[in-house]
Structure formats: structure tokens, C-alpha cells
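Chemist: Line by line, the protein sequences are chains V and C.
So the first sequence is numbered by my numbering: it starts at 1 and just counts up by one.
So the second sequence is numbered by my numbering: it starts at 409 and just counts up by one.
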Amino acid sequence: MNRFALAISAAIARVTESALGPYQTAVIRIGFTATWLLFLLREFPHRQELYGPDGPWDFDLAQQLIGTNGSFTALIWSNSQFWFESVYAFAVLTSVLLLLGWRTRTMSVLFMVGVLSLQNRSIFMGDGGDNVLHLMCVYLVFTRCGRVWSLDERRAGLAREARARGERARPDRLGPALWGVLGAALVSVTVAGRLDGDLTVPVILWGVWLSQAVWWIVGRRATTPEPRILLDVVGNIVHNGALLVIMAEACLIYATAGWYKIQGSRWQDGTAVHYPLQLDYFSPWPGLAELLSSSGTMVMLITYGTVIVQVAFPFTLFNRRVKNVLLAAMITEHAVIAVVLGLPFFSLAMIAADAVFLPTSFLRRLGDWAARARGGLSRLTKRGDDPTELPAPRTPENPEHAHVGFTA
Amino acid sequence: MDAYDAGSAARHGPGEEPRDTPSAVAPSPAPPASPTSPAPPASPAAAAPSALEPRTGVAALSLRYQIGAALALAVVAIAVCVHTGMVFLHVAPPNTVTKQHGKAIDDWIYPEFEQNWKLFAPNPLQQNIAVQVRAQVGTADGGTRTTGWYDLSAQDGRAIDGNLLPSHTQQNELRRAWDFFVATHDAQNRPVGLRGALSETYLRHIVELRLDRANAAGEGGALERVQVRSRTTNVRPPKWSDEQVSDKPTYRMLPWWSVSADKASKTDRAGGVGAVSGAEEGAR
Chain V
1 MNRFALAISA
11 AIARVTESAL
21 GPYQTAVIRI
31 GFTATWLLFL
41 LREFPHRQEL
51 YGPDGPWDFD
61 LAQQLIGTNG
71 SFTALIWSNS
81 QFWFESVYAF
91 AVLTSVLLLL
101 GWRTRTMSVL
111 FMVGVLSLQN
121 RSIFMGDGGD
131 NVLHLMCVYL
141 VFTRCGRVWS
151 LDERRAGLAR
161 EARARGERAR
171 PDRLGPALWG
181 VLGAALVSVT
191 VAGRLDGDLT
201 VPVILWGVWL
211 SQAVWWIVGR
221 RATTPEPRIL
231 LDVVGNIVHN
241 GALLVIMAEA
251 CLIYATAGWY
261 KIQGSRWQDG
271 TAVHYPLQLD
281 YFSPWPGLAE
291 LLSSSGTMVM
301 LITYGTVIVQ
311 VAFPFTLFNR
321 RVKNVLLAAM
331 ITEHAVIAVV
341 LGLPFFSLAM
351 IAADAVFLPT
361 SFLRRLGDWA
371 ARARGGLSRL
381 TKRGDDPTEL
391 PAPRTPENPE
401 HAHVGFTA
Chain C
409 MDAYDAGSAA
419 RHGPGEEPRD
429 TPSAVAPSPA
439 PPASPTSPAP
449 PASPAAAAPS
459 ALEPRTGVAA
469 LSLRYQIGAA
479 LALAVVAIAV
489 CVHTGMVFLH
499 VAPPNTVTKQ
509 HGKAIDDWIY
519 PEFEQNWKLF
529 APNPLQQNIA
539 VQVRAQVGTA
549 DGGTRTTGWY
559 DLSAQDGRAI
569 DGNLLPSHTQ
579 QNELRRAWDF
589 FVATHDAQNR
599 PVGLRGALSE
609 TYLRHIVELR
619 LDRANAAGEG
629 GALERVQVRS
639 RTTNVRPPKW
649 SDEQVSDKPT
659 YRMLPWWSVS
669 ADKASKTDRA
679 GGVGAVSGAE
689 EGAR
């Protein structure tokens with residue numbers, strides 16, 4: 001009994017005193033924003049046909065459907081070309097800024113607005129990849145995903161250095177200004193009745209906006225450190241809850257995909273993989289498909305392997321080593337799907353979701369490589385001034401080391 | 409899930425979280441000069457709660473604030489459990505609980521958390537469904553002529569061939585519009601509710617766009633009516649299989665639609681909205 005109580009209190013301490021998985025949340029932030037950004041750039045020539053007011057799913061049709069389900073999209077506020085182009089540009093801009101981790105929390109909200117605005121405008125254009133992004137952009141809002149590998153981290157580091165040198169930090173003017181502008185926008189769309197549909201998104205928008213105000217006021221006005229610590233604790237709890245939801249969502253994706261497959265006769269007789277490769281819409285490389293499905297044993301192994309991996313994955317989370325093996329298998333499979341079935345953005349989104357399960361040590365090494373690659377690049381342009389290279393410690397004990405060069 | 413959480417945290421103790429360590433390892437302007445002095449792995453944890461950075465977490469709070477933290481923890485814990493449970497019930501097969509509480513689940517999930525992960529499941533699609541269209545064109549000299557069939561799906565397929573980055577306009581637009589149409593129409597091609605009407609207009613817009621691009625109307629002509637059909641062919645079983653399937657295509661022919669009746673779908677706004685809620689989103 002005593003042991004149980006101890007375990008509980010240890011767990012409570014853990015979820016309240018820190019935002020767990022800083023590297024994992026940073027990597028999914030980068031993964032999802034990069035996926036969306038690349039998608040938007042790729043579809044730039046087709047943007048009118050996909051989401052424009054005069055596309056096949058035109059403004060009138062969208063309005064009727066959204067009238068029935070109340071989903072959120074800023075594109076329904078006006079049918080003007082200018083508004084459409086602005087929202088598209090806004091979606092591109094916010095994904096860049098969230099990718100870089102600039103004002104992460106605010107950008108995560110704006111990123112969500114961009115994703116939902118475009119996707120909900122033309123819901124029938126999307127596929128599984130869009131579906132993943134749709135969910136994850138909402139969950140990301142609740143995480144502290146800019147703790148590492150972000151401009152925010154760099155800013156915080158510079159401020160810390162300045163404080164260590166005894167300088168007084170300059171007050172942040174941009175933050176409150178941004179808050180004010182966004183607040184004015186939020187108030188006006190609410191008053192104009194634009195948020196009268198489903199409650200989910202308006203609640204998130206208002207909730208984040210108000211809590212940022214509380215955060216700022218407490219940071220400046222509180223006379224004791226306790227209110228600030230309490231807010232920090234609440235932020236950690238929300239972050240950890242959202243991280244859990246993200247991981248549960250990834251597990252549900254695999255579990256659903258796997259368990260439903262088990263019931264299918266083609267997955268049972270070991271020929272399932274043959275069929276998608278023969279569909280006109282999913283066979284960009286007929287020769288490659290032919291090659292893959294030339295051996296019955298091969299197809300059967302891939303078919304069974306897919307099901308086994310998908311069904312097993314959630315359970316392997318209880319064992320770190322097995323989990324990592326399966327993770328590698330799934331990331332590989334998605335990379336293959338990207339090319340063979342012609343689903344690059346679906347695969348990217350899934351790999352980004354998988355990345356939440358990557359081990360911290362691996363992610364740190366990844367950050368190290370990125371930093372070194374960057375260092376190498378800059379040394380090519382201006383000749384050597386960085387003598388730290390040769391005996392670099394293999395896995396740095398110091399978490400700062402892994403990313404300081406990457407973001408600085 | 410809990411276990412993973414705990415497991416991952418066990419690999420890197422809370423002391424190593426960057427948030428707790430800045431005082432110990434503040435990035436200095438000079439590069440870390442001495443790789444010979446190995447930092448003891450546990451030291452940041454021991455050093456962090458010292459002078460500069462005050463200790464955080466509930467332990468640093470007085471009882472009054474601890475109650476606030478406990479409240480927040482309870483609310484978030486409940487929200488996480490409810491949301492995860494709702495999503496689970498949403499993706500699970502119909503069961504006792506979903507039959508009793510379907511309305512509550514749908515209210516929670518729709519519209520923003522809708523999802524479907526039956527990816528190529530239970531069985532992958534084993535038919536190539538091609539959407540084809542032909543048009544009746546009013547010609548410049550006042551007559552009419554009927555064009556041949558344009559195989560729009562074959563055009564999509566060619567656009568996807570050898571393409572590393574297929575566009576949604578090639579891969580999803582027509583394919584899903586047809587799924588939407590089939591899901592919201594009965595066997596006699598009669599629309600079911602508002603969604604049926606919407607899907608008809610949508611499909612018509614797509615084929616009009618495609619016919620325009622192909623310049624189907626020709627010089628001085630104008631599209632008057634369009635007719636859509638689907639051509640379904642079985643994918644041949646793999647060559648090592650002794651299974652036999654018919655390789656004769658089957659057709660589904662839709663009635664002629666007038667191009668000008670653009671706003672027809674608007675009249676049906678009230679009809680049967682709830683009846684088919686989400687049926688076609690399920691197809692994605």
C-alpha cells in the first residue's frame with residue numbers, strides 16, 4: 001500500500017514539474033509543420049481548384065455543408081479572391097513560423113487556424129494524411145513544443161545570458177502587441193457571429209488568448225513566486241496530457257488499421273498488398289509494383305508483416321527495445337509507401353506522428369548531426385573559427401549541448 | 409500508454425530536462441573547452457534546485473496553491489480520459505456502448521475530431537473504378553452533337569504515373585467525389601438528402617471543369633448537358649493465384665444533367681440532413 005502511494009506521488013511530481021518529452025514534441029512540431037508547408041507549396045498551382053471560391057467544391061456548396069456540421073473555416077467568412085489568397089498565404093506563413101518555433105504557442109494556434117480553414121473548406125479533397133494533420137494541429141496547441149530546437153529557446157537562452165552578465169532584460173514589446181492585435185481580431189469575428197458553429201475551435205482560441213493574458217500579468221505583477229510556479233505547473237500538466245493524447249492517437253491509428261485488416265480475407269490469404277499496387281490511383285511506378293508483386297512469398301511476408309506490426313505496436317510500448325525496432329520498421333514502411341503508392345504527404349504526416357515515440361538519445365544525436373552539418377556548411381563559407389570539432393563526446397550528457405548549435 | 413510515459417521518463421530523469429538545468433549549464437559564449445572533465449550524469453539534477461532557479465513543481469507550492477494544482481491535474485486527467493475514450497469508441501466497431509451513447513460520442517467527435525483509419529481494411533479495394541463523362545454540345549451553327557466518352561480517371565492515372573508528388577487534384581478530387589456520390593445515392597441514382605444533392609453538384613462541377621480543359625465544346629460550341637458513368641473493372645488476382653475473376657467491366661450510368669441548372673441543389677437545404685450525417689466522411 002505504501003509503495004503504491006509512493007508511486008502515485010512520484011508520478012504526480014513527474015507530470016507537474018516538467019514538460020515531458022521536449023525533443024519528441026519539438027520533432028513532431030517540426031514534422032507536422034514541414035509536412036503542411038511542403039503540401040501547401042506543392043499545391044500552390046492547384047490552390048484555386050482545391051480550396052478557391054470558384055473551385056468545383058465552390059463557396060456555395062461549402063457554405064451548405066458547413067451550415068449542417070458547423071466546422072471551423074475562416075474561408076467561409078468571405079468569398080472574395082483576396083481573402084482566399086490571404087488565408088492561403090497565412091497558412092504558409094504560420095507553418096514556417098511554427099516550424100522555426102517563433103512565439104510557439106501563438107503560432108501553434110494560428111497554424112491550427114490555417115490547417116482547419118483550408119481543410120474544412122473542402123473536406124472531400126483530403127485523405128488520411130490530411131486527417132492526421134487535422135487532429136494533430138489541434139493537439140499541438142496544448143503542448144509546450146518549443147522548448148528545444150526553436151527560436152523561442154534561443155531567445156530564452158540569450159535572455160538568460162544577459163541576466164547572468166547582470167544586464168536588465170529588455171521588456172518584450174512584440175508579445176503584448178501580437179496579443180493585442182490577435183485579440184482584436186478574435187473579438188471582432190466573435191461579435192460578427194463568425195464563430196457560431198461548433199464550439200471546439202472558439203473555446204480553444206479564447207482559452208489560449210485569455211491564458212496568455214493571465215500568464216503575462218502574473219509574470220509581471222505577482223509579488224510571490226508561487227502564482228508563477230502554479231501557472232508553470234498547470235502548463236506542464238496540460239502539456240503532458242496533450243502528449244499522452246497524441247501518443248494515444250497514434251496508437252489508435254495503428255490499432256484500427258491493424259485490427260480491421262485482420263478481419264479481411266485478403267489480409268488473411270496473404271495477397272492484400274498485391275491489390276493497391278494495381279489500382280490506377282495508387283500506382284505511380286507500375287514496373288516497381290510488378291516487381292514487388294512478382295513473388296507470392298514476398299507479397300505474403302509484407303502482407304502479414306504489415307498487420308503484425310500495426311497490431312503489435314501499441315503493446316510494444318511497454319518494452320523500449322522492441323518498440324524501437326517496430327518504430328524503425330513502420331517508418332521504413334511509410335517511406336516506401338510514399339514512393340510506391342504515391343502518397344508522400346500521407347507518409348510524411350505518419351512519420352511525423354511516429355516520431356513522438358523516438359528515443360531521446362536518438363533525437364539528441366539527430367540534433368547534433370544537424371548542428372554539425374550546419375557548422376560544416378558555414379565553415380565552407382567562412383574559414384574555420386570553431387575548434388570544438390574533433391573529440392566530440394559521443395552522447396552528450398548535457399542536453400543543452402545537443403541543440404545549442406542547431407538553433408543558435 | 410502510461411507505461412511508455414514512465415518508461416521514457418526513466419531514461420532521462422527529470423533533472424535532465426533542459427528547463428531544470430539552465431543555471432547549471434547555461435550556454436556560455438566560449439565553447440566547452442575541456443572535454444576531459446566528464447560531467448557527472450546526475451549533477452544537473454543535484455545542482456538545479458540551488459541558488460538561481462527556484463524549485464518548481466507542486467513541491468514548491470504552499471497548500472493553497474497545491475490545491476489549485478491538484479484541481480488542474482484532475483481536470484486534465486479527466487479530459488484526457490474522456491477524449492481518448494471518445495476517440496476509441498468513434499473508431500471501434502459498432503458495439504453495445506456506441507449503440508446506447510452514439511449521440512454523445514458523435515457530439516464530442518464531430519466535426520473536428522472525425523477520423524477513419526481503416527486504411528486498405530478490412531480488404532483493399534480490388535476494383536479499378538474509372539469515372540467517365542460525355543457531353544452534349546451546342547455547336548456554333550445551332551445544332552447539337554454528343555462527344556465521345558472522356559476517361560477522367562485514366563487522365564488522373566497518367567498524371568500520377570512516374571510522379572513523386574501527385575497532387576490531391578489528381579489523386580483525391582474525382583475519386584473521393586465519386587465515393588461521396590455513391591454513398592449519398594440509392595441504386596436508382598436518386599440523391600439522399602442534402603448531401604446527395606451537394607454531391608451531385610460537386611461531381612458536375614468537376615466534370616465540367618475537366619471538359620472545359622479538354623476543350624470538349626470546341627470552337628464556338630457550348631456545353632449543354634453532361635452524362636457521367638463509372639466503369640468498374642476487377643483487379644486481376646496475382647499470377648500465382650488460381651482464382652478466377654471476371655475481366656468484363658460493369659457500368660453505372662447516371663442520367664444526363666443540364667449544365668445550366670447550377671443552383672438546383674440549393675432548394676433541398678432542409679431535407680434529411682441528419683439522416684446521413686458523416687456517411688461520406690467515413691470514406692476518407
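Using N, Cα and C, we set each Cβ at its ideal position, and we do this for glycine too.
Bear in mind that the values here come from a model prediction, so they are computed numbers and not experimental data.
In three-state DSSP terms, what is Thr592(C)?
Modeler: Correct three-state label for Thr592(C): coil.
Chemist: Against Pro657(C), what residues of chain V qualify as contacts under a CB-to-CB distance less than 8 Å, listed in chain order?
Modeler: Residues of chain V passing the Cβ test: none, with the nearest at roughly 13 Å.
Chemist: Span of the beta strand (DSSP E) holding Gln535(C)?
Modeler: 535-546 is the extent of the beta strand (DSSP E) around Gln535(C).
Chemist: Does the beta carbon of Gly384(V) come closer than 8 Å to any beta carbon on chain C?
Modeler: For Gly384(V), the predicted model reports a pLDDT of 45, less than 50, meaning its position is unreliable and no value from the coordinates is stated.
Chemist: Using a threshold of 8 Å, state whether the C-beta atoms of Gly197(V) and Gly70(V) are closer than that.
Modeler: The answer is yes: Cβ separation under 8 Å.
Chemist: Three or more beta-carbon pairs under 8 Å between the stretch 140-149 of chain V and the stretch 17-37 of chain V, yes or no?
Modeler: These segments touch.
Chemist: If we count the other Cβ atoms within 10 Å of its Cβ and call it buried at 16 or more, is Pro452(C) buried or exposed?
Modeler: In this prediction, Pro452(C) scores a pLDDT of 40, lower than 50, which makes its location untrustworthy; no coordinate-derived value is stated.
Chemist: Return the residues of the stretch 125-155 of chain V that lie within a Cβ-Cβ distance of less than 7 Å from chain C, sorted by chain order.
Modeler: Within the stretch 125-155 of chain V, the residues whose Cβ lies closer than 7 Å to some Cβ of chain C are Met125, Gly126, Asp127, Gly128, Asn131, Leu135, Val138, Arg147, Val148, listed in chain order.
Chemist: Quick check on the DSSP output: the beta strand (DSSP E) that includes Ser71(V) runs from which residue to which?
Modeler: Neither: Ser71(V) is in no beta strand (DSSP E) and is coded neither H nor E.
Chemist: Examine the ligand NAP and report whether any of its heavy atoms sits within less than 7 Å of the Cβ of Phe345(V).
Modeler: This structure simply doesn't include the ligand NAP, nor any ligand for that matter.
Chemist: Please name the residue or residues paired with Gln635(C) in a DSSP beta bridge.
Modeler: For Gln635(C), which the question treats as bridged, DSSP gives the partners Arg542(C).
Chemist: What's the gap between the Cα of Leu527(C) and the Cα of Ala257(V)?
Modeler: About 6 Å.
Chemist: Taking the alpha-carbon positions, what's the Leu582(C) to Arg105(V) distance?
Modeler: Each residue's alpha carbon lies about 37 Å from the other.
Chemist: What residues in the stretch 34-48 of chain V have a beta carbon less than 7 Å from any beta carbon of chain C?
Modeler: Within the stretch 34-48 of chain V, the qualifying residues are Arg42, Glu43, His46.
Chemist: Which residues in chain V have a C-beta closer than 7 Å to the C-beta of Thr592(C)? List them in chain order.
Modeler: Those within 7 Å of Thr592(C) in chain V number zero; the least Cβ separation is about 11 Å.
Chemist: Please return the same chain residues whose Cβ sits closer than 7 Å to the Cβ of Pro171(V), not counting the five positions on each side in sequence.
Modeler: Excluding positions up to five away in sequence, the list is empty.
Chemist: Check whether the Cβ atoms of Val109(V) and Leu37(V) sit closer than 8 Å, and answer yes or no.
Modeler: It is not a contact, given that the beta carbons lie outside the stated cut-off.
Chemist: Within its chain, find whatever has a CB closer than 8 Å to the CB of Gly384(V); leave out the 5 residues flanking it on each side and keep chain order.
Modeler: Summary for Gly384(V): the model assigns pLDDT 45, below 50, so the residue's position carries little reliability, and this model does not support an answer.
Chemist: Inspect the CB distances between the stretch 232-241 of chain V and the stretch 472-491 of chain C and report whether three or more fall short of 8 Å.
Modeler: Yes, they touch.
Chemist: Starting from Met661(C), trace the beta strand (DSSP E) both ways and give me its first and last residue.
Modeler: That run of the beta strand (DSSP E) goes 658-661.
Chemist: Do Asp127(V) and Asn642(C) have their beta-carbon atoms positioned less than 8 Å apart in this structure?
Modeler: Cβ distance not < 8 Å, so Asn642(C) and Asp127(V) don't count as in contact.
Chemist: Apart from the five residues on each side of it in sequence, which residues of its chain come closer than 6 Å, Cβ to Cβ, to Gly129(V)?
Modeler: The residues are Phe345, Phe346, Ala349.
Chemist: For the beta strand (DSSP E) containing Arg553(C), name the first residue and the last one.
Modeler: Taken as a continuous stretch (DSSP letters only), the beta strand (DSSP E) holding Arg553(C) covers 552-554.
Chemist: Can you tell me the Cα-Cα spacing of Glu17(V) and Arg320(V), whole angstroms?
Modeler: So the alpha carbons of these two residues sit roughly 24 Å apart.
Chemist: Does Tyr304(V) come out as helix, strand or coil in the three-state DSSP assignment?
Modeler: Residue state, collapsed to three classes: helix.
Chemist: Between the Cα of Phe32(V) and the Cα atoms of Arg221(V), Leu277(V), Leu99(V), Ala338(V), which residue gives the shortest distance?
Modeler: Closest option to Phe32(V), Cα to Cα, is Leu99(V).
Chemist: From Phe72(V) to Gln119(V), what does the alpha carbon distance come to, in whole angstroms?
Modeler: Computed Cα separation, rounded: 9 Å.
Chemist: Can at least three beta-carbon pairs, one atom from the stretch 285-300 of chain V and one from the stretch 261-276 of chain V, be found at a separation below 8 Å?
Modeler: Yes, they touch.
Chemist: Among Leu158(V), Pro45(V), Val245(V), which one has its Cα closest to the Cα of Ile486(C)?
Modeler: Ranking Leu158(V), Pro45(V), Val245(V) by Cα distance to Ile486(C) puts Val245(V) first.
Chemist: Going along the chain, which residues of the stretch 243-261 of chain V sit with their C-beta nearer than 9 Å to a C-beta in chain C?
Modeler: So the list reads Leu243, Leu244, Val245, Met247, Ala248, Glu249, Cys251, Leu252, Ile253, Tyr254, Ala255, Thr256, Ala257, Gly258, Trp259, Tyr260, Lys261, given in the order they occur along the chain.
Chemist: Check whether the stretch 349-361 of chain V touches the stretch 313-333 of chain V, taking contact to mean three or more Cβ pairs, one atom from each stretch, closer than 8 Å.
Modeler: Touching, yes, given that three or more Cβ pairs across the two stretches are closer than 8 Å.
Chemist: Assuming His46(V) and Thr577(C) form a contact by the criterion Cβ under 8 Å, report the distance between their Cβ atoms to the nearest whole angstrom.
Modeler: The Cβ separation is near 5 Å, so the contact holds.
Chemist: State the start and end residues of the unbroken alpha helix (DSSP H) segment that holds Lys507(C).
Modeler: Taken as a continuous stretch (DSSP letters only), the alpha helix (DSSP H) holding Lys507(C) covers 504-517.
Chemist: CA-CA distance, Gly604(C) and Phe59(V)?
Modeler: Whole-angstrom Cα-Cα distance: 17 Å.
Chemist: Going by DSSP in three states, Pro599(C) sits in which element: helix, strand or coil?
Modeler: Pro599(C): strand per DSSP, three-state reduction.
Chemist: Checking contacts by CB at 8 Å: is Pro202(V) closer than that to chain C?
Modeler: It does not: the Cβ of Pro202(V) has no partner Cβ on chain C nearer than 8 Å.
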